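A.B. asks: Structure incoming, see below.
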Amino acid sequence: MIITQDLGKVFKIGKKEKTEIKAVEGLSLAVREGEVFGFLGPNGAGKTTTVRMLAGLIEPTSGSATINNLVLGKENSAIRRSIGILTETPGMYERLSAEKNLAIFANLYDVTDVPGQVRKYLQMLGLWERRADPVGSFSKGMRQKLAIARALLHDPKVLFLDEPTSGLDPEAAKMVREFIESLRALGRTIFMCTHNLDEADRLCDRIAIFKQKVIAVDTPAALRQQLFGRKIVVHLAVLQPEWADMLRGLPFVQAVEALENKLVISLANPEQDNPEIVRQLVEAGAAIRFIGELRHSLEQVYLEMLHQNGQGRQA
Amino acid sequence: MRHIRTIIDKEWAEVFKNRMVIFTISFMPLIFTILPLVMLSVMGEAVGDMNGSTADVPEAFLASCSGLSGGECMQIYLMNQFMLLFMMMPVIIPITIAAYSIVGEKTTRSLEPLLATPITTVELLAGKSLAAAIPAIVTTWAAFGLFLLALPLIGVSAGVRAYIAGPTWLLAILVVGPLMSIVAVNFALYVSSRVNDPRVAEQVSTVVIIPIMAVLFAQLAGLIIINVTFMIIAIVVLAAVDVGMVFLGASIFERETILTRWK
């Protein structure tokens, strides 16, 4: 659906354009149909530049890409017709009504049934009652919803969302996330730039950690495992020190840490190995209160990835 | 055509929600229409005294006065100065709209979503040009219509009325004015796409008035005579400039530069 090969962008700035800034370098990605793909990176990482390139708004300086099987640089107008884009700031016509704003874009996207599509998305996003009001009177959340509606008017197969919940209050952000979930259910391919890691963890099938170039691409779970492995925590009524040694003797146990009344055990496959661990502990007389998986946050994964690649922020 | 119509519709919907813009569009034409009427009315009372006196009229202009009295000749000579006011209307009125149209969208951040649609650069610029030029041209024509209707009411002679409703004025108002409007609008759009501040765009765009002022002063100094020949030359030159500016405008409108280097 979205395939990039060594895509790059160098901006030339300054007098006589002598200074070069590498915004994006060697970007190779394959975003699958119907996938919610998170594009994570710090401010200034080149996320917006990437979206602008993929949307045919700015020219890459190297590499190639296809979007919906359309070649970037050769079929930009067709690409723009087949994608929807939510820009970093909504950029609505504030003096005009919500309905008028959407009607303008529906016409520019050559939508056949303009009133029907406008009505459909205003209703879907809960803005129908405010359709005649000028957008200038809308809250930030309402504007963002309207901008999402604008990106969807022509029913694009691929949707680019640049920081979709940035600056929204928790309620509005939740509403936007739920809407993205519903779009996933409809089979839309979504390319989402964000630095809201919790949101990416909840919404994205796969993520790319990116700073000028891709540092890692995989599912959030796979990236966690890749960095930290999988660990379970066994909460006990009382911890006997010899139990840790006993577990270390099991062939599938990678490591055991004893912490107060807890055992933190590293395993390759907890679903398969947990029953044996429980059996061993119970036979040794342990009173197990609770077992859970130690889950690292995506933030830890993200920061660790950046750190390992020397991309972390200087203290 | 659908995209161009949509841009025109959008521009008008935005512009005409601003009362100050409506005031600008209507106030100046009103003044520019009333002023020559007042002048004609005042002159009309003195025409009797001026009969036979064409001393202040350049000799080359006298050919335009055949069949008219000396006073009437003086009237149409002076009215030609006011013709330039009518030609200024379609230049000045759209500058405000056109100068704001790109830089305004940059500042409100609405340009990026607009450029992300399948609209082509030519469609975008054509829509914005027409949205600025059409109200100015229509207003100018309406003002001229009112001017013509008011002429008999203030006692202007049939000879003078015939001259004003004749080829020189009609070419000026119906052809030269719109052609000048296209030059002004394209220049303002060019400036608007290059600057970062709407105020700068308006200030710089007003430069386009200078050639009309030059014509005005050249006529006052007797260096040029505004007649049908002058109008035909102006039409040919302006048509060529228009074509050049439209192509130039489309070729130098760099979406990437506008999106990434305007801050």
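Residue numbers (numbering that gives the first Met the number 0), protein chains in the order written: chain A, 0 to 314; chain B, 0 to 262.
Heads up, the beta-carbon is just placed ideally off N, CA and C, and yes, glycines get one too.
The model shown is predicted, which means the values in this text are computed figures rather than measured ones.
1. Is Ser-61(A) close to chain B? Criterion is C-beta to C-beta, closer than 8 Å.
2. Keeping to the same chain, check which residues put their C-beta closer than 6 Å to that of Tyr-189(B); ignore five residues upstream and five downstream.
3. So what does DSSP say about Lys-16(B), is it helix, strand or coil?
4. Between the alpha carbons of Glu-303(A) and Arg-247(A), how many angstroms are there, rounded?
5. Short of 8 Å Cβ to Cβ, which residues in the segment 105-122 of chain B face chain A?
6. Can you check whether the C-beta of Phe-104(A) is within less than 8 Å of a C-beta belonging to chain B?
7. By the 10 Å Cβ neighbour count, where 16 or more other Cβ atoms means buried, how is Asp-200(A) classified, buried or exposed?
8. From the DSSP output, in three-state form, read off Ile-223(B) for me.
9. Chain B beta carbons: is any one of them nearer than 8 Å to that of Met-0(A)?
10. Whole angstroms are fine: how far does the CA of Arg-79(A) sit from the CA of Val-182(B)?
11. Which stretch, first to last residue, makes up the alpha helix (DSSP H) that contains Ser-204(B)?
12. Below 6 Å CB to CB, which residues in the same chain sit around Phe-81(B) once its five sequence neighbours on both sides are set aside?
13. Taking all protein chains shown into account, decide if Met-78(B) is buried (16 or more other Cβ within 10 angstroms of its Cβ) or exposed.
14. Can you give me, in chain order, the residues of the segment 127-147 of chain B that have a beta carbon less than 8 Å from any beta carbon in chain A?
15. Span of the alpha helix (DSSP H) holding Met-245(A)?
16. Taking C-alpha atoms, which residue in Asn-17(B), Leu-170(B) and Ser-180(B) lies nearest to Val-245(B)?
17. Decide yes or no for the touch test of the segment 88-97 of chain B against the segment 122-141 of chain B: beta carbon pairs closer than 8 Å, at least 3 of them.
18. Quick check on the DSSP output: the beta strand (DSSP E) that includes Ser-27(A) runs from which residue to which?
19. Using the Cα positions of Ala-239(B) and Ile-232(B), report the straight-line distance between them to the nearest angstrom.
20. Tell me whether Ile-208(A) sits in a helix, a strand or coil according to DSSP, three-state version.
21. Can you give me the C-alpha to C-alpha distance between Ala-285(A) and Phe-227(A), rounded to a whole angstrom?
22. Nearest to Ala-97(A) by CA position, among Ser-136(A), Cys-192(A) and Lys-14(A), is which residue?
23. For Leu-203(A), which three-state DSSP category applies?
24. How is Ile-214(A) classed by DSSP in three states: helix, strand or coil?
25. Can you tell me where the alpha helix (DSSP H) with Glu-71(B) in it begins and where it stops?
26. When DSSP labels each residue in this structure, what does Pro-133(A) get in the three-state scheme?
27. Quick one: does Thr-23(B) have its CB under 8 Å from some CB of chain A?
28. What in chain B is Cβ-close to Arg-94(A), meaning under 7 Å?
29. Name the chain A residues whose beta carbon is nearer than 8 Å to that of Leu-258(B)?
30. What is the DSSP secondary structure of Gly-166(A), reduced to helix, strand or coil?
31. Compute the Euclidean distance between the alpha carbons of Thr-256(B) and Leu-152(B), then round it to the nearest angstrom.
32. Verify whether the separation of the beta carbon atoms of Met-238(A) and Asn-260(A) is less than 8 Å.
33. May I ask you to list, following chain order, the residues of the segment 185-202 of chain B that have a beta carbon less than 9 Å from some beta carbon of chain A?
34. Is the beta carbon of Met-52(A) sitting closer than 8 Å to the one on Leu-85(A)?
35. Mind checking if Ser-181(A) is an interface residue toward chain B, Cβ cutoff 8 Å exclusive?
36. Given Lys-99(A), which residues of its chain have a CB within under 8 Å of its CB, disregarding the five upstream and five downstream residues?
C.D. replies: In this structure, then:
1. no
2. Gly-248
3. coil
4. 27 Å
5. Thr-107, Arg-108, Ser-109, Leu-110, Glu-111, Pro-112, Leu-113, Leu-114, Ala-115, Thr-116, Pro-117, Ile-118 and Thr-119
6. yes
7. buried
8. coil
9. no
10. 31 Å
11. 197-204
12. Pro-35
13. buried
14. none
15. 240-247
16. Ser-180(B)
17. yes
18. 18-30
19. 11 Å
20. strand
21. 27 Å
22. Ser-136(A)
23. Strictly speaking, residue 203(A) in this sequence is Cys, with Leu absent from that position. Note: Cys-203(A) maps to coil in three-state DSSP.
24. strand
25. 69-106
26. strand
27. no
28. Glu-13 and Lys-16
29. Arg-51, Leu-56 and Ile-57
30. coil
31. 56 Å
32. For the sequence presented, residue 238(A) should be read as Leu rather than Met. The answer is yes: Cβ separation under 8 Å.
33. none
34. no
35. no
36. Tyr-92
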